[in-house]
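**Student:**
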Amino acid sequence: MKNLVILGSTGSIGVNALDIVAAHPDKYRVVALTAGNNIDLLHEQIRAFRPEIVAVLSESQAKELRRRLGPQGPEVLSGVQGLVACATHGNADMVVSAIVGAAGLVPTMAAIEAGKDIALANKETLVCAGSLVMSRALEKEVRIFPVDSEHSAIFQSLEGHRKHDVRRLILTASGGPFCNRSLAELSHVTPGDALNHPNWEMGRKITIDSATMMNKGLEVIEAHWLFDLPAERLDVHIHPQSIVHSMVEYIDGSVIAQMGVPDMRTPIAYALSYPERLPLKIPALDLCELGTLTFEKPDTQKFSCLKLAYDALREGGSAPAVLNAANEVAVEAFLNGGISFLNISRIIASVLELPREDEIEHIDDVLRVDRWARTRARRVISEIS
Ligand code: NAD
Ligand code: MG
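The UniProt record's numbering puts the sequence shown at residues 1 to 385.
#1: Helix, strand or coil for Glu361, going by three-state DSSP, please let me know.
#2: Note the first and the last residue of the continuous beta strand (DSSP E) segment covering Glu75.
#3: Would you mind giving the Cβ-Cβ distance between His197 and Ser210, rounded to the nearest angstrom? I have them listed as a contact below 8 Å.
#4: Flag residue 395 as yes when its Cβ comes closer than 7 Å to any non-hydrogen atom of the ligand MG, and as no otherwise.
#5: Tell me the rounded alpha-carbon separation between Ile251 and Met214.
#6: Quickly, what does DSSP pair Pro71 with across the bridge? List them, please.
#7: Would you call the CB atoms of Pro191 and Leu335 closer than 8 Å?
#8: How long is the line joining the alpha carbons of Lys346 and Arg204, rounded to whole angstroms?
#9: Does DSSP classify Met247 as helix, strand or coil?
#10: For Asp263 and Ile282, what's the separation of their Cα atoms in angstroms?
#11: According to DSSP, simplified to helix, strand and coil, what is Lys140?
#12: Start and end of the alpha helix (DSSP H) containing Asn215?
#13: Does the beta carbon of Glu219 fall short of 7 Å from some heavy atom of the ligand MG?
#14: Between the alpha carbons of Ala326 and Thr266, how many angstroms are there, rounded?
#15: Who are the near neighbours of Glu357 in its chain, counting only those whose CB is closer than 8 Å to its CB and skipping five residues on each side?
#16: In whole angstroms, give me the CA-to-CA distance for His224 and Asp26.
#17: Which residues bound the beta strand (DSSP E) around Ala119?
#18: What are the complete beta strand (DSSP E) segments, minimum 3 residues, inside the segment 78-103?
#19: Please give me, in chain order, every unbroken run of the alpha helix (DSSP H) with length at least 4 that falls completely inside the UniProt domain "DXP reductoisomerase C-terminal" (259-375).
#20: Would you be able to state if there are at least three C-beta pairs under 8 Å between the segment 3-21 and the segment 36-46?
#21: Between the C-alpha atoms of Val236 and Val127, what's the straight-line distance to the nearest angstrom?
#22: Check whether the segment 117-135 and the segment 94-109 are in contact - that is, three or more C-beta pairs closer than 8 Å.
#23: So Leu169 packs on Ile154, CB below 8 Å; how close in whole Å?
#24: Does the beta carbon of Lys123 fall short of 7 Å from some heavy atom of the ligand NAD?
#25: When you compare each of Ala309, Asp299, Gln156, Met202 to Glu232 by their alpha carbons, which one comes out closest?
#26: In its own chain, which residues sit with a C-beta less than 7 Å from the C-beta of Ser149, not counting the 5 before and 5 after it?
#27: Got a sec? Which residues, its chain only, sit under 7 Å from Phe178 by beta carbon, not counting five neighbours each side?
#28: Applying the criterion that 16 or more other CB atoms from any shown protein chain within 10 Å of the CB defines a buried residue, is Leu65 buried or exposed?
#29: Under 7 Å: does the beta carbon of Gly200 sit that close to some heavy atom of the ligand NAD?
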């Protein structure tokens, strides 16, 4: 029996993780759940999975939840302290890190400090603090299992091989909803158009990141930290069918790929059950039915966010944390109708050009840079609108 904490249980990844737990009650038990919003769904999840402790964002949400649950309910906490209490719960074996954005950093780091293995969906944590997270995980002998489908594919394709035999990693990208639109057409796309992802059902932020291809940029940085390879050995191929989830090329010319129908339960389950595989009710991949798989190079002029992410990775220091924070602010502004789609990358580029503090030695440095970049991004937005 593995005891799980699910950070971000009401999100797309959280719900899929609980779906796996529900299908395998003999293998997994939920000891803590956290949610940023959607108290109704959290309430249902508490009734179904009976965690010992839960956390929500605000104390007013916590009060409402306590009222609904009555005296028999679990302990209900709030704020960052609540998240950290859940992430470090004494009975937990593994923490599923599925909060969206840099908000996942503090609880994920707390879980590592407490020696919990991590099933990592929250890529922003590695983007803004990859060096600190990976070094603490190593010191604490904590394993970080990737949930992101590309990184799970690479992790699976590396199994049984030696790291020094790897030539490069090839991350696949669906190309999102705007793969076939011209740069000129992108100037008037709406949040509604961008939220209409062809292959994956995901949270709103990552869906916009997929449309700008910042998601792939964040994933390149995530791959750098997880698999310890430089930007030059991390490639991206557009593969609109989302069947090949990523590949590893070896020095002898062999390329090993992991394939499957696009369903996040496969990588989530592998992170939970490694090295075993869980039976899942997922339709079989029918390559004959599909007939054709295609691949092409990404257009970094059209998808300039991808280039910004590569540049930030090469630059290092605080650049990836700034990239991430400015992106979070810009995406939110786009979703609220405050800026155009193409302004997302312009805002990020403007913030990255400003002189800034570059020393990242402690988590507080990351949090300070994150706050600084958010303030600057908001200022750029108010200047252009
Ligand atoms: P989502 O928006 O559907 O869910 C996010 C969860 O985090 C929710 O439970 C929400 O209540 C909670 N949350 C949001 N802001 C919070 C805050 N400030 N403090 C505490 N909790 C907060 O997002 P998602 O699509 O499930 O993605 C979660 C993470 O997984 C992201 O980092 C994303 O990049 C990554 N990821 C998602 C997918 C996918 O298929 N959805 C695939 C790969 C990676
Ligand atoms: Mg992914």
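Cβ atoms here follow ideal geometry from the backbone N, Cα and C, with glycine treated the same way.
**Tutor:** Answer, in terms of the structure:
#1: Per DSSP, reduced to three states, the secondary structure at Glu361 is coil, with no helix or strand assignment.
#2: Its beta strand (DSSP E) spans residues 75-78.
#3: 6 Å
#4: As shown, the chain starts at 1 and ends at 385. That puts residue 395 outside it, with no answer to give.
#5: 29 Å
#6: Answer is none; Pro71 lacks a bridge partner.
#7: yes
#8: Reading off the sequence, residue 346 comes out as Arg, not Lys. CA-CA distance, Arg346 to Arg204, rounds to 20 Å.
#9: strand
#10: 8 Å
#11: coil
#12: 214-227
#13: yes
#14: 31 Å
#15: Ser318, Asp365, Arg368, Val369, Trp372
#16: 35 Å
#17: 117-120 is the span of the beta strand (DSSP E), which, as asked, contains Ala119.
#18: List check, beta strand (DSSP E) in window: 94-97.
#19: Runs found: 265-273, 287-290, 304-315, 319-335, 341-353.
#20: yes
#21: 17 Å
#22: yes
#23: Between Ile154 and Leu169 the Cβ distance is about 6 Å, and since that is below 8 Å, they are a contact.
#24: yes
#25: Ala309
#26: Setting aside the 5 residues that flank it on each side, Ser149 is surrounded in the same chain by His245, Met264, Pro267, each with a C-beta closer than 7 Å to its C-beta; the list follows chain order.
#27: Scanning its chain for C-beta atoms nearer than 7 Å, with the 5 sequence neighbours on each side dropped, one finds around Phe178 the residues Leu186, Val189, Ala211, in chain order.
#28: buried
#29: According to the sequence displayed, residue 200 carries Trp and not Gly. Indeed, a heavy atom of the ligand NAD lies less than 7 Å from the Cβ.
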